[in-house]
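S.K.: My questions will all concern the structure given below.
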Amino acid sequence: MHVTLLFIAALMAVVAWWLLKQSINTRPWEAHAHHGSSEDFSGRSLRLPDAKLGLFVFLAVIASLFALFISAYTMRMELGDWRPLPDPKLLWFNTGLLVLSSIALQWAHISAGREQVKSARNALFVGGFFALAFMVGQWLAWQQLVEAGYFVHTNPANAFFYLITGTHALHLLGGLIAWGRTMVKLLSGYDIARLRMSVELCAVYWHFLLVIWVILFGLLLST
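Under the numbering used here, the final residue of the sequence shown carries the number 228; numbering is consecutive throughout.
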């Protein structure tokens, strides 16, 4: 239970920091001027506040989902049939890949804000590449465990490991879809100013998933 509370507090602190940062950096007259502007983050016309609010709600849902997973994990591990599986060393390497991906997305966000098209494009590509490499690394880690005989049905700890890491990978895959749309538009010559919000939301989503993974990885290592 304490782990769950810490997890929720950490995630909400990150989200609150981001929202406060956006509020501080937005002047009232600029917010009013942007009220009717549109952004092409998901292929539809959205006002900037709506896009950020939508992401915030989605992040809150994700935080709640993983909080439930962690709560169930910590309660289930107290029963006698729980046998922790060894954490593949590859997970350390995968974590580094996700950190690099998040850094690259932040670089893309900064470059887009400065309207540096080439730099934003390169950083966005690098961020997506490392994210894809992370996904491949996770799959390889699962393969290592399966080859060692750690199947889903043989132990509750195994099932939770695949469930937690698989759900995180699915959310990252969803982020890669949004990343792919943004990347295609950037490569097709879209005005960088129109894609600035898309890049920013991608970066925030990546940072959020990185925080989630670090917490999950720490939980897996502690058992």
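Positions of the beta carbon are idealized from the N, C-alpha and C atoms, including for glycine.
Smallest Cα separation from Trp87: which of Asn160, Lys94, Thr187, Ala113?
M.R.: Numbered from its first residue, the sequence shown carries residue 87 at position 82. Among Asn160, Lys94, Thr187, Ala113, the Cα nearest to that of Trp87 is on Asn160.
S.K.: Which word fits Gly133, buried or exposed, when buried means at least 16 other C-beta atoms lie within 10 angstroms of its C-beta?
M.R.: Translated into the one-based positions of the sequence shown, residue 133 becomes position 128. Buried, since its Cβ has 16 or more Cβ neighbours within 10 Å.
S.K.: Would you call Val209 buried or exposed, if buried means 16 or more other Cβ atoms sit within 10 Å of its Cβ?
M.R.: As a first step, residue 209 must be located in the sequence shown, where it is residue number 204. Burial call: buried.
S.K.: How should Met188 be labelled, buried or exposed, when 16 other C-beta atoms within 10 angstroms of its C-beta is the threshold for buried?
M.R.: Against the sequence shown, residue 188 aligns to sequence position 183. Buried: at least 16 other Cβ atoms inside 10 Å.
S.K.: Taking the alpha helix (DSSP H) that Val157 falls in, what are its first and last residues?
M.R.: Within the sequence shown, residue 157 is the residue found at index 152, counting from 1. Taken as a continuous stretch (DSSP letters only), Val157 belongs to no alpha helix (DSSP H), as it is neither H nor E.
S.K.: With a threshold of 16 other CB atoms inside 10 Å of the CB of Leu178, please say whether the residue is buried or exposed.
M.R.: Here residue 178 corresponds to residue number 173 of the sequence shown, with the count starting at 1. Classification for Leu178: exposed.
S.K.: Which same chain residues, not among the five before or five after His176, have their C-beta less than 7 angstroms away from its C-beta?
M.R.: As a first step, residue 176 must be located in the sequence shown, where it is residue number 171. Excluding positions up to five away in sequence, the list reads Ile67, Leu214.
S.K.: Quick one: grab the DSSP three-state call for Leu53.
M.R.: Counted from its first residue, the sequence shown places residue 53 at position 48. Confidence in Leu53 is poor, its pLDDT being 47 and thus under 50, which makes the residue's placement unreliable; the coordinate value appears in the next sentence. In this structure, Leu53 counts as helix in the three-state DSSP scheme.
S.K.: Which first and last residues belong to the alpha helix (DSSP H) in which Leu200 is found?
M.R.: Position 195 of the sequence shown, counted from the first residue, corresponds to residue 200. Note, Leu200: alpha helix (DSSP H), 197-226.
S.K.: Confirm, please, whether the CB-CB distance from Leu129 to Ala113 is below 8 angstroms.
M.R.: Your numbering for residue 113 matches position 108 in the sequence shown. Your numbering for residue 129 matches position 124 in the sequence shown. The answer is yes: Cβ separation under 8 angstroms.
S.K.: CA-CA distance, Glu120 and Met202?
M.R.: Here the question's residue 120 lines up with position 115 in the sequence shown. Here the question's residue 202 lines up with position 197 in the sequence shown. So the two alpha carbons sit approximately 12 angstroms from each other.
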